[in-house]
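Colleague: One structure, as structure tokens, below. Some questions next.
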Amino acid sequence: MEYPLTQMEFEQMFSNEQLCMEYLIGLRWREGYVCMECGNHQYWLLSRRRISCRKCKSQMSITQGTIFEQSNKPLSLWYRTIWLMVSQKSGVSAVSVQNIMGFGSYQTAWTWLHKLRKLTVSPDRERLKGKVEIDETLLGGYKEGKRGRGAEGKNLIAIAVEIFEKGTGRVRLNIIPNAKRSSLKRFIENNIEAGSEIITDGWKSYLGIEGYTHTVVEKESSHGEENLLPNAHRVASLLKRWLLGTHQNYITGNKTQNYLDEFVFRYNRRKSASRGLLFQRVMEQAVNHKPIKYSEIINKNQISGKN
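According to my numbering, the sequence shown is numbered sequentially starting from 58.
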């Protein structure tokens, strides 16, 4: 299926709502439209985003069962927001989306971006494999008097990054409740293929996790704390720099996983030459993702334990 390669192509492909609806139909029915009632392939495109079978006249909304279902905003506005999100190398803040898209409220832009961040995680993505560095870092508020893996007022983030002879591969980032063995074991099993080599520091909770070759890097052999797990440390540094630069480090604790997911999406596709392909990947997720209610976005108890 065709996708835009440049800003100009994007504007041409989605210059009106009719074209936006046809594109959405193409994503939903890759082999062509099929009526759920009679199996016919011919249709009429009606107003209000509805499609009608030419044979039995049954109708359905083309946004039904997608992330766009509950929105009365034009599809073209959604598409432009998605394009803006993926075409900016460092992402975009809700304030920028509000200003560029002309939203009447910051809340609308903020909600849309959080919905779109949920589309950056593919439910069937492959686990990391090969050699994988694992570490943790802290994000969030500050509370004096306590340091280390259990610092209060912060989110503990587990990091896993594939390492090659030259450079790194994919990453995974997840909030974990603590650095206990059960939490780290769950993170590793959910995100790293069995049989891989995991490389960690000497933290006791990593010891004895079955199904993996385990290499422990000690401080004495790494010539300094900063070189202990250099690839994981670099990812942590890039994450914090991205949050500070794009979002001014203004993220709320219960939304942190959404930002982590967006960072992972960007990092894992950092070598992609086509922003248009990223746009299509997000759109594919959009048509296969159930509608997201506002109450799900603001749920203060919603903290993801796995990707």
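Note that the Cβ used here is the ideal one computed from N, Cα and C, for glycine as well.
Going along the chain, which residues of its own chain have a beta-carbon closer than 7 Å to the beta-carbon of Q155, five neighbours each way excluded?
Modeller: If we look at Q155 and ignore the five residues flanking it on each side, its Cβ neighbours are Y163, A166.
Colleague: Buried or exposed: which applies to G333, given that a residue is buried once 16 or more other Cβ atoms fall within 10 Å of its Cβ?
Modeller: Classification of G333: buried, given that the 10 Å Cβ count is 16 or more.
Colleague: Terminal residues of the continuous alpha helix (DSSP H) containing K242?
Modeller: Segment 238 to 248, the alpha helix (DSSP H) holding K242.
Colleague: Taking DSSP as the reference, what is the three-state secondary structure of W140?
Modeller: The answer is helix: DSSP assigns W140 an H, G or I state.
Colleague: What three-state label does DSSP hand Q314 in the structure shown?
Modeller: Three-state result, Q314: helix.
Colleague: Using a threshold of 8 Å, state whether the C-beta atoms of L369 and I214 are closer than that.
Modeller: Not covered by the structure: residue 369. The range shown for the chain is 58 to 364.
Colleague: Between the beta-carbon of R194 and the beta-carbon of I216, is there less than 8 Å?
Modeller: Per the sequence presented here, residue 194 reads as Thr, with Arg not at that position. Yes, they are a contact pair.
Colleague: Once you ignore the five residues that flank N315 on each side, which residues in its own chain have a CB closer than 6 Å to its CB?
Modeller: Cβ neighbours of N315 beyond the five flanking positions: H171, R174.
Colleague: Hey, does S240 have any beta-carbon neighbour from chain C nearer than 8 Å?
Modeller: No chain C is part of this structure, which consists of one protein chain only.
Colleague: Using the rule of at least 16 other Cβ atoms within 10 Å of the residue's Cβ for burial, across every protein chain shown, is V273 buried or exposed?
Modeller: So V273 ends up on the exposed side.
Colleague: Any idea which residues DSSP pairs G197 with across the strands?
Modeller: DSSP output for G197 lists K211 as bridge partner(s).
Colleague: Measure the alpha-carbon distance for I354 versus L103 and round it to whole angstroms.
Modeller: Cα-Cα distance, rounded: 31 Å.
Colleague: Between the C-alpha atoms of S262 and G268, what's the straight-line distance to the nearest angstrom?
Modeller: S262 and G268: Cα-Cα distance of roughly 15 Å.
Colleague: With a threshold of 16 other CB atoms inside 10 Å of the CB of P61, please say whether the residue is buried or exposed.
Modeller: P61 comes out buried.
Colleague: Does I220 come out as helix, strand or coil in the three-state DSSP assignment?
Modeller: In the structure shown, I220 sits in a strand (DSSP, three-state: E or B).
Colleague: Taking all protein chains shown into account, decide if K347 is buried (16 or more other Cβ within 10 angstroms of its Cβ) or exposed.
Modeller: With fewer than 16 Cβ atoms within 10 Å of its Cβ, K347 is classed as exposed.
Colleague: Would you list the one or two residues that DSSP bridges to Y100?
Modeller: Answer is C110.
Colleague: Given this structure, state the Cα-to-Cα distance separating L301 from A151, to the nearest angstrom.
Modeller: Roughly 14 Å between the two C-alpha positions.
Colleague: Go through its chain and collect everything with a Cβ distance to Q116's Cβ below 8 Å, but skip five positions before and after it.
Modeller: Correct list, in chain order: L103, R107, I108, S109, C110.
Colleague: Looking only at its chain, what residues have a beta carbon closer than 8 Å to the beta carbon of L176, apart from the 5 residues adjacent to it on each side?
Modeller: I124, V339, Q342, A343, H346, listed in sequence order.
Colleague: Look up N129 in the DSSP assignment and say whether it is helix, strand or coil.
Modeller: In this structure, N129 counts as coil in the three-state DSSP scheme.
Colleague: Are the beta-carbon atoms belonging to N185 and I249 less than 8 Å from one another?
Modeller: Strictly speaking, residue 185 in this sequence is Leu, with Asn absent from that position. Yes; because the gap between Cβ atoms is below 8 Å, this pair is in contact.
Colleague: Among the candidates I266, N247, L84, S294, whose CA atom is the shortest distance from the CA of D50?
Modeller: This structure gives no information on residue 50, because the portion of the chain shown stretches from 58 to 364.
Colleague: Take Y351 and list the residues in its own chain whose beta-carbon comes closer than 7 Å to its own, dropping the five residues that flank it on each side.
Modeller: For Y351, where only same-chain residues beyond five positions count, the Cβ hits under 7 Å are T168.
Colleague: Which residues share a DSSP beta bridge with M117?
Modeller: In DSSP, M117 forms a bridge with I108.
Colleague: Within this structure, are the beta carbons of N325 and V178 separated by less than 8 Å?
Modeller: Not closer than 8 Å, so no.
Colleague: Specify the secondary structure class of V228 as computed by DSSP and reduced to three states.
Modeller: Strand, per DSSP.
Colleague: What did DSSP end up calling I256 once you bin it into helix, strand or coil?
Modeller: DSSP places I256 in strand when its eight states are reduced to three.
Colleague: Rounded to whole angstroms, what's the CA-CA distance from E66 to R85? Just pull it up for me.
Modeller: Each residue's Cα considered, the two are about 22 Å apart.
Colleague: Can you tell which of I82, D318, W101, C113 has the C-alpha that lies nearest to the C-alpha of G122?
Modeller: The candidate whose alpha carbon is nearest that of G122 is I82.
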